[in-house]
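With the sequence shown counted from 1, adding 215 to any position gets you the working numbering.
Beneath this line is the structure, given in structure tokens, with notes to follow.
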Amino acid sequence: MRAEPRGGPKKPLDERLADEARFIKTWFENPVGTGAVSPSGRFLARAMARAVDPELPGPIVELGPGTGPVTDALIARGVDPRRLVLVEYDPHFCKLLQRRYPLATVIQGDAYDLAATLDGVLDEPAATVVSSLPLRNQPERHRLTLLEQAFAVLAPGGSFVQFTYGIASPMPLRSGDHPCFEAAVSPPVWFNLPPARVWVYRAAEAPALIRMRDGSRVKLKLRDGGPKPSLRFKARQARDEIKVHAERVMDGLKQKRRENRRSEPLTAAVPAKARHRPRGRH
């Protein structure tokens, strides 16, 4: 495979200017949904692609590809375009993506309702979800719902890749609040304007109970009618495991209580008043 040039593939100047103009126009029409006035730089796109392992089997879902800078970097990294599922909300960007990546699957839909958007689209669980969505423009509950639904479509061990211009994680990392995922962050990408970081999230060992905390049910129907990853099933399985563990703990406590009772003097178990009463005849 030919070595990737430093910073990733560079588009012709006229194409880059056209992409900038499209982004600015879209940002004016929907600043909350677009989040930036220009596409991701090639250095940032390359950093995001570096977080994706092209050897892992399964589709690679890209959320908010826009004009395709991260898509270009993924292909340059060795990802087969036929594995790419591009989820874009803007219809004009969808048409552009279909022209530029005819082998990829382009879906016009809402990434924040990922389970419904990808319902019946995937042949198998995804290897990675790569997101360029402006998460900080959304309430915390929407961000967490997006991550939970991404875990529902990912294969075990799959990752959710997200960039941010901020220093902190776009997903809340407060200890104990949301222990359903683990996170790692890249060094700053200084050559991007503004500088950015790439965060990689993976599901924790048994995150389903946390994901079911609001009672929601998320199911994904695969296109070939194969097994459906179900958060409800995973939650029930995790709940059963916790129940077994709790029963073992309770059995240990009961055993310890019985041992303590055997070691205590007999008089300690008799009320003080009863010890001084005259004993009756039998």
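All residues carry an ideal CB built from backbone N, CA and C; glycine is no exception.
Own chain, CB closer than 7 Å to residue i, minus 5 neighbours either side, in chain order
i	result
residue 357	327
residue 410	403, 404
residue 262	401, 404, 413
residue 419	394, 395, 396, 397
residue 311	282
residue 269	292, 293, 294
residue 290	296
Alpha-carbon to alpha-carbon, residue j and residue i
i	j	result
residue 278	residue 402	22 Å
residue 325	residue 348	11 Å
residue 306	residue 316	15 Å
residue 344	residue 302	10 Å
residue 287	residue 267	13 Å
residue 417	residue 314	32 Å
residue 387	residue 474	45 Å
residue 300	residue 363	18 Å
residue 275	residue 256	20 Å
residue 366	residue 373	8 Å
residue 271	residue 371	11 Å
residue 375	residue 265	13 Å
residue 430	residue 359	In this predicted model, residue 430 has a pLDDT of only 44, less than 50, meaning its place in the structure is not dependable; the value taken from the coordinates is given anyway. Roughly 14 Å between the two C-alpha positions.
residue 273	residue 379	25 Å
residue 415	residue 340	18 Å
residue 382	residue 351	12 Å
residue 470	residue 332	53 Å
residue 321	residue 399	29 Å
Which of helix, strand or coil DSSP assigns to residue i
i	result
residue 330	helix
residue 371	strand
residue 426	Summary for residue 426: the model assigns pLDDT 40, below 50, so the residue's position carries little reliability; its value from the coordinates is reported in the next sentence. In this structure, residue 426 counts as helix in the three-state DSSP scheme.
residue 388	coil
residue 259	helix
residue 301	strand
residue 271	coil
residue 265	helix
Residue i: first and last residue of the uninterrupted beta strand (DSSP E) it sits in
i	result
residue 278	275-278
residue 368	Note, residue 368: premise wrong, no beta strand (DSSP E); alpha helix (DSSP H) at 355-368.
residue 176	With the chain running from 216 to 497 in the structure shown, residue 176 is simply not present.
residue 286	That residue, residue 286, is in no beta strand (DSSP E); its alpha helix (DSSP H) goes 284-292.
residue 396	396-400
residue 416	412-418
residue 322	320-323
Nonlocal neighbours in the same chain, by C-beta distance under 6 Å from residue i, ignoring five residues either side
i	result
residue 346	278, 377
residue 297	318
residue 258	222, 404, 406, 407
residue 361	327
Neighbour-count burial assignment, residue i, 16 or more Cβ in a 10 Å radius
i	result
residue 427	Residue placement at residue 427 is flagged as unreliable, the pLDDT there being 38, under the threshold of 50; the coordinate-derived value follows with that caveat. With 16 or more Cβ atoms within 10 Å of its Cβ, residue 427 is classed as buried.
residue 281	buried
residue 385	buried
residue 318	exposed
residue 408	exposed
residue 497	Here residue 497 scores only 41 on pLDDT, less than 50, and its place in the model should not be relied on; the value that follows carries that caveat. Per the 10 Å Cβ criterion, exposed.
residue 354	exposed
residue 342	buried
Residue span of the alpha helix (DSSP H) that contains residue i, given as start and end
i	result
residue 311	306-315
Own chain residues within Cβ distance below 8 Å of residue i, not counting five before or after
i	result
residue 519	Given a span of 216 to 497 for the chain in the structure shown, any question on residue 519 remains unanswerable.
residue 304	248, 279, 323, 324, 325, 326
residue 336	300, 320, 322, 438
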